[in-house]
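Below is one structure, written out as structure tokens; comments come after it.
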Amino acid sequence: VRPHTSYLVAVSAAQIDMSSEGEKLASVTVGGRNLGECNPMPDDDYNCSLTDCFEQERVPAEATANGTLLLEVHSVRTHSDCRCNQLHVSCYSAAVAAFTEATEEEKTTDPSYGMFVRFV
């Protein structure tokens, strides 16, 4: 990041294994500022779609003074139910991928994640 520059940041997360109250991103911190928790509670644990957690959050210029920006996320009780492609910023069910690999012999190379967060 550019030193001594204020930014607006948005945070999105894949809803991986977050269908219960206790399964969530317990804290999201940007530049030392705790934005809070993200608890989307989708219909099931295999919903791997991205959801918006925070939008247009201001990061003060002091947080980028040394040309870096610290991003911290703490998830609780999530499991690696989704596979995610970092290049395309997309996630899909690990169970569906396993079934496809077993029946069609089409191998996926995307790793499994219990948490996948995008900062913009």
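In case it helps, my numbering puts the sequence shown at residues -5 to 114. All C-beta atoms in this analysis are idealised placements derived from N, C-alpha and C, irrespective of residue type, glycine included.
Sub-8 Å separation of residue 42 and residue 5 beta-carbons: no
Using the C-alpha atoms, what's the distance from residue -1 back to residue 71? The alpha-carbon separation between residue 71 and residue -1 amounts to approximately 35 Å.
Once the 5 residues before and after residue 38 are set aside, which same chain residues still bring their CB inside 8 Å of it? Cβ within range, chain order: 13.
Please report the straight-line C-alpha distance between residue 58 and residue 64, rounded to a whole angstrom. Counting only the Cα atoms, residue 64 lies some 9 Å from residue 58.
By Cβ distance, which residues of its chain are closer than 6 Å to residue 17, with the 5 residues on each side in sequence left out? Correct list, in chain order: 11, 71, 72.
With 16 other Cβ atoms within 10 Å as the buried cut-off, status of residue 109: Buried.
Rounding to the nearest angstrom, what Cα-Cα distance links residue 21 and residue 105 in this structure? 24 Å
Give the C-beta separation of residue 19 and residue 31 to the nearest angstrom, bearing in mind that I take them to be a contact with Cβ-Cβ under 8 Å. 6 Å
Sequence-distant residues of the same chain with beta carbon closer than 6 Å to residue 27, five excluded per side: none
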